[in-house]
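Written below as structure tokens is the structure these notes are about.
In our numbering, the protein residues as written are 254 to 951.
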């Protein structure tokens, strides 16, 4: 002790003799050395303990938003040591090729790739594949904590370099192969080989990655959601931390809503099985926060091998349920208004190698219809004309802004895209539709509220001004100003689309006035969709605080029975029951009308705001409609003229193509013809008058 004191006094004396500049330099060096020691080297483990390393696993608890246990992720580690020299060459060669192809070239760290990925990994907070060498992975797994910081990364690099000085490449590879997790409770290649292939590793013909065994039925609630969350956690914290790190994860899921939704899906699906409907899926979210409140990926997770398949994250065709996004783009670009009139008549669009001639689901044409009624009744031909006006490329770009990532190359799509010709994930579809209740802003989904480590340290916590823990209590309108991100459409456009989709009178011609799309005493915007081949049937609807989407169909893509599945059957009754439960304690909230939206009387024939005559009466037959201020003057550019045309003698129906028509059954007559640039409509042909009887549409 006396020698240390004497040394310090001597050092102090020498420093005093230095000039101020040198004194500052020496003190800075001393401070830096001390800082580095405590920042990096203090309590730094040594690689000598690698061969004796033994992990004690801790279960990770997955909880619902109210603290109810959904699942315990745990791993009973079983290891059987194996000598790498006894393994076939192709076994360890495959590992090296996959994990670290330069393993035999570097000295523990890949300088250029490793440092770049380390910095980006810790700063950008993204998980990058191939960012660590085998030696780094070994010391990270065995000696270090899972925190993602530059400090931990520096320790990892130093320990990797140190390890390479102590052990040979063969010893490092042997420790790695005995340490790495292979799923379930199997750690190390020998135990994994015995567990999954029933033979020792030395007899393996190739290294394979076995999949984890499904958990027992009694140990898990909301299984599709649990594994959805587990995948997110693994990407952020790594498999080892998730399966043995003792995390406490509070999720967004509400178990009461989840269990009710599961019950409804099972009960309603039972009634549909006679019509070749084998599966159903559903997602319940909060649009302003993106919280997932319920997720049913399949009707029964344990029923068959395909039951574990999560339809909510799979690609399916949305049918006509995608039409609101198409019309929203047109309204937002001020190409059309809710009053704009479309000619729902026989129309063929140029296409290669044959013309594209869409048909309505009911097989009928409905003549001049406003955008509101075209969308409400889900007529196909007006929707295709809307996409033609928007342009496929513009719509795909807008779909990307809506957070739909599956529409990529416009050359792969045609005008049928608005009828569901592309594929979407249910999760992304829910995000896209959140744009409307969020007044123009889509909100990405969130499944996790809080993550704590085994000591109680908070690793992540979700914060949002619109967050409400107990979502079963009455909620007021959320504040759209707190929804992050940019608007992809204006709040005015979002309001108009929402108002059309909640307008029961706008869809009653097709669906009737008391369909499953109506929830008594609740204002809900809703859209259905059925693909032409009857492989997918959807219903998606929302209020300012809640959104529910339902799909029915078959995992193997076999078509459903057309005798049952239409716009108001299949998914709609499931949607109605789930949404009714979600809204059971909620006040009736209507979408808030922006100040820049005005209600006006619009002309039925032109779609423009009606002018007044001298006596104050409207200059045309009108109906009430909402307009974004400044768009009241948008009207149709139809060309109307008297022409001699061909009509059928008995039904007075306009004939535009004589192919296959008997000349004896037609005649020439002078008629009033309207054209919109895509098709023609005869206003005074008796056979062309719209059929108004209710018919099912997608």
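Virtual Cβ for every residue (Gly too), placed ideally from N, Cα, C. Remember, it's a predicted structure, so these values are computed and weren't measured experimentally.
Classification of residue i by the beta-carbon crowding that lies within 10 angstroms, buried from 16 upward
i: residue 615; result: buried
i: residue 363; result: buried
i: residue 318; result: buried
i: residue 935; result: buried
i: residue 692; result: buried
i: residue 939; result: exposed
i: residue 461; result: Note on residue 461: pLDDT 42, under 50, position unreliable in the model; the coordinate value appears next. Classification for residue 461: exposed.
i: residue 591; result: buried
i: residue 704; result: buried
i: residue 639; result: buried
i: residue 575; result: buried
i: residue 932; result: buried
i: residue 804; result: buried
i: residue 684; result: buried
i: residue 610; result: exposed
i: residue 597; result: buried
i: residue 948; result: With a pLDDT of only 31 at residue 948, under the threshold of 50, the placement of this residue in the model should not be trusted, and no figure is reported.
i: residue 768; result: buried
i: residue 512; result: exposed
i: residue 659; result: exposed
i: residue 706; result: buried
i: residue 886; result: exposed
i: residue 937; result: exposed
i: residue 406; result: buried
i: residue 734; result: exposed
i: residue 488; result: exposed
i: residue 930; result: exposed
i: residue 695; result: buried
Reference residue i, options the options, closest by Cα
i: residue 527; options: 786, 572, 813, 867; result: 813
i: residue 708; options: 563, 539, 313, 807; result: 313
i: residue 872; options: 881, 879, 860, 880; result: 860
i: residue 420; options: 862, 481, 477, 357; result: 357
i: residue 507; options: 647, 545, 932, 734; result: 545
i: residue 253; options: 805, 601, 536, 781; result: Given a span of 254 to 951 for the chain in the structure shown, any question on residue 253 remains unanswerable.
i: residue 862; options: 847, 655, 880; result: 880
i: residue 839; options: 723, 888, 787; result: 723
i: residue 739; options: 651, 816, 815, 790; result: 651
i: residue 581; options: 496, 634, 747; result: 747
i: residue 432; options: 337, 346, 500, 513; result: 337
i: residue 811; options: 803, 787, 825; result: 787
i: residue 298; options: 837, 759, 855, 397; result: 397
i: residue 476; options: 525, 402, 595, 565; result: 565
i: residue 750; options: 847, 737, 841, 773; result: 847
i: residue 920; options: 864, 908, 913; result: 908
i: residue 327; options: 758, 402, 495; result: 495
i: residue 884; options: 589, 827, 394; result: 589
i: residue 568; options: 832, 789, 930; result: 789
i: residue 780; options: 736, 654, 826, 807; result: 826
i: residue 731; options: 694, 774, 797, 773; result: 797
i: residue 856; options: 865, 806, 697; result: 865
i: residue 335; options: 612, 427, 514, 845; result: 427
i: residue 899; options: 518, 924, 325, 553; result: 924
i: residue 501; options: 697, 324, 758; result: 324
Supposed close pair residue i, residue j - CB separation, criterion 8 Å
i: residue 602; j: residue 637; result: 7 Å
i: residue 499; j: residue 764; result: Residue 499 to residue 764, Cβ: 52 Å. No contact.
i: residue 782; j: residue 441; result: Incorrect: roughly 49 Å between the Cβ atoms, too far for contact.
i: residue 493; j: residue 414; result: At roughly 22 Å, the Cβ-Cβ gap does not stay under 8 Å, so residue 493 and residue 414 are not in contact.
i: residue 482; j: residue 753; result: At roughly 35 Å, the Cβ-Cβ gap does not stay under 8 Å, so residue 482 and residue 753 are not in contact.
i: residue 663; j: residue 646; result: 5 Å
i: residue 776; j: residue 843; result: 5 Å
i: residue 719; j: residue 542; result: 5 Å
i: residue 690; j: residue 540; result: 4 Å
i: residue 453; j: residue 392; result: Not really, about 27 Å apart at Cβ, beyond 8 Å.
is_contact[residue i, chain B] using C-beta, thresh 8 Å
i: residue 781; result: In the structure shown, chain B does not exist; there is a single protein chain.
- [ ] Assess, as a yes-or-no matter, whether the region 621–639 is touched by the region 679–690 under the definition of 3 or more beta carbon pairs within less than 8 Å.
- [x] Three or more Cβ pairs closer than 8 Å define a contact, and the region 679–690 falls short of that threshold against the region 621–639.
Open item on the list: Closer than 8 Å is the cut-off here; do at least three beta carbon pairs connect the region 714–721 with the region 651–668?
Closed with: With a cut-off of 8 Å, the region 651–668 and the region 714–721 do not count as touching, because too few Cβ pairs lie within range.
Task: Segments of 3+ residues assigned as beta strand (DSSP E) that fall wholly inside the region 778–859 - done: The qualifying runs are 778–783, 789–795, 800–806, 850–856.
Open item on the list: Which complete beta strand (DSSP E) runs does the region 666–722 hold, if anything under 3 residues is left out?
Closed with: Runs of beta strand (DSSP E) with 3 or more residues, each lying fully within the region 666–722, are found at 701–705, 711–714, listed in chain order.
TODO: Tell me the start and end of each unbroken alpha helix (DSSP H) in the region 485–531 that is at least 4 residues and wholly inside, in chain order.
DONE: The region 485–531 contains, as complete alpha helix (DSSP H) runs of 4+ residues, the segments 492–497, 508–525 (chain order).
TODO: Pick out the complete alpha helix (DSSP H) segments inside the region 569–654, 4 residues or longer, and give them in chain order.
DONE: Listed in chain order, the complete alpha helix (DSSP H) runs (minimum 4 residues) inside the region 569–654 are 576–585, 624–629, 633–643, 645–654.
Open item on the list: Could you tell me which whole alpha helix (DSSP H) segments of length 4 or greater appear in the region 402–431?
Closed with: Counting only runs of 4 or more, we get 403–419.
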